[in-house]
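Everything in the sequence shown is counted per full-length UniProt numbering, starting at 1 for the first residue and increasing by one.
Structure first, then comments.
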Amino acid sequence: MPTTLLQSNLPGLDLIHRGKVRDVYALPENRLLIVASDRLSAFDVVLPDPIPGKGEMLTQISNFWFDKTAHLVPNHLLDVPLADVLPAGTDLKLYEKRAVVTRRLKPVPVEAIARGYIIGSGWKDYQATGSLCGIKLPAGLKQAQQLPEPIFTPSTKAAVGDHDENVSFDAVVAAVGPELAEQVRQATLSIYQWAAAYAAERGIIIADTKFEFGTDENGKLYVMDEMLTPDSSRFWPADSYQVGISPPSYDKQFVRDYLETLDWNKRAPGPSVPANVIAATSAKYAEALQRLADITLD
């Protein structure tokens with residue numbers, strides 16, 4: 001059975017960051033222990049109710065994609081057994097499918113987003129301006145329509161409780177320099193295009209996805225944090241996709257759509273989520289994991 005973990009507790013380890021979903025601990029030798037909790041965020045707000053097993057599913061699908069795309073872009077994972085780094089007395093079963101040991105990198109201060117379809121905040125920006133992140137798009141696009149080609153649409157990295165904002169590529173250049181900005185753009189589009197083709201063979205459309213990158217002491221670029229998960233991506237079943245509507249999905253869009261029915265200003269604290277929405281969301285994550293990676297959490 002999947003485990004449930006709202007917040008990790010690892011006495012003796014130095015907790016350096018507790019994010020929307022992940023808890024990050026410092027390890028010796030310039031390494032990190034990253035634990036994916038079952039917290040759920042939507043509209044950049046952490047909701048009060050966990051999704052049982054979600055952290056395990058996120059970690060397993062990320063690890064799958066990290067392995068599959070290592071030939072394109074190196075990633076932060078290290079081959080270190082968890083039992084070697086967890087404090088004595090820790091329940092290994094609780095952490096073994098939701099925690100990883102990684103390189104400790106310097107984060108690139110940008111959310112690296114690839115979009116192959118026009119939806120979400122991109123659709124709203126396009127309706128208002130005809131452009132997205134400074135990129136002029138064809139006139140007459142409809143909601144959820146495939147773009148002529150995938151585009152790199154970065155955003156700022158917001159603190160917990162704040163909202164990310166779409167920015168232009170020039171803003172990324174200003175923040176990190178032209179060489180690193182171009183590396184991030186090329187890495188983002190390269191991974192997205194490879195993964196989108198892979199998923200299409202399994203009946204899933206990856207509408208868009210968000211990556212995070214970091215550099216080591218030599219300036220080498222790595223993809224890190226998570227990769228192509230239901231939290232960082234929009235996955236649509238190809239057999240029910242149609243232009244002009246927000247398609248049904250395998251990701252937390254299911255929760256977003258529920259939250260949009262509420263009288264909530266998208267600011268903390270977030271509202272509770274009904275048990276049926278929690279169960280349906282968990283089932284969506286599990287189906288994505290099975291269809292994409294052929295992994296089932298018993």
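Where is the CB? At the ideal position from N, CA and C, for every residue including glycine.
CA-to-CA distance, residue j to residue i, given in whole angstroms
i, j, result
"Glu226", "Ser232", "8 Å"
"Ala134", "Phe169", "With the sequence shown as reference, residue 134 is identified as Gly, and Ala is not the correct amino acid for it. Cα-Cα distance, rounded: 7 Å."
"Pro74", "Ala187", "10 Å"
"Tyr222", "Tyr25", "19 Å"
"Glu185", "Pro150", "The displayed chain sequence assigns Arg, not Glu, to residue 185. The alpha-carbon atoms of Arg185 and Pro150 are separated by roughly 11 Å."
"Ala189", "Phe235", "For the record, residue 189 in the displayed sequence is Leu; it is not Ala. About 17 Å."
"Ala288", "Ala175", "35 Å"
"Lys284", "Gly12", "36 Å"
"Arg202", "Ile61", "15 Å"
"Leu262", "Pro81", "44 Å"
Where residue i falls, given that 16 or more other Cβ within 10 Å makes a residue buried
i, result
"Thr281", "buried"
"Ser240", "exposed"
"Val160", "Here Val160 scores only 49 on pLDDT, less than 50, and its place in the model should not be relied on; the value that follows carries that caveat. Looking at its Cβ environment, which holds fewer than 16 other Cβ atoms inside 10 Å, Val160 is exposed."
"Gln183", "buried"
"Lys220", "exposed"
Per DSSP, the bridge partner or partners of residue i
i, result
"Pro107", "Gly214"
"Met224", "Glu212"
"Ile206", "Phe235"
"Ile119", "Beta-bridge pairing links Ile119 to no other residue."
"Asp14", "Ala26"
"Asn75", "Val223"
"Ser131", "Lys136"
"Ala286", "In the DSSP output, where bridge partners are listed per residue, Ala286 has none listed."
"Val33", "The amino acid at residue 33 is misidentified as Val; the sequence shows Leu. BP columns for Leu33 point to Tyr25, Val101."
"Ala114", "Phe152, Thr209"
"Ala42", "Val45"
Contacting residues, own chain, Cβ-Cβ under 7 Å from residue i (five flanking each side not counted)
i, result
"Arg104", "Asn30, Arg31, Leu32"
"Val35", "Ser8, Arg22, Asp23, Tyr95, Arg98, Ala99"
"Leu141", "Ile118, Tyr126"
"Ala296", "Per the sequence shown, residue 296 should be read as Thr rather than Ala. Here the set comprises Gln290."
"Val85", "Leu27, Leu33, Val101"
"Lys266", "Phe43, Val45"
"Pro2", "Pro52, Gly53, Glu56, Leu297"
"Pro87", "Leu10, Pro11, Gly12, Leu13"
CB contact check: residue i to chain B, cutoff 8 Å
i, result
"Ala70", "No chain B is part of this structure, which consists of one protein chain only."
Neighbourhood of residue i by C-beta distance below 6 Å, restricted to the same chain and skipping five residues each side
i, result
"Glu212", "Met224, Asp225"
"Gly120", "none"
"Leu15", "Tyr25"
"Pro237", "none"
"Leu228", "Trp65, Ala195, Thr209"
"Leu40", "Leu47, Ile51"
Residues near residue i by beta carbon distance below 8 Å, same chain, minus five either side
i, result
"Leu132", "Arg115, Ile118, Gly122, Asp125, Tyr126, Ile151, Thr153, Asn166"
Uninterrupted beta strand (DSSP E) stretches inside the region 134-203 (no shorter than 3 residues):
146-152
Output the residue ranges of the alpha helix (DSSP H) runs that lie fully inside the region 246-276 and measure 4 residues or longer, sorted by chain position.
253-259
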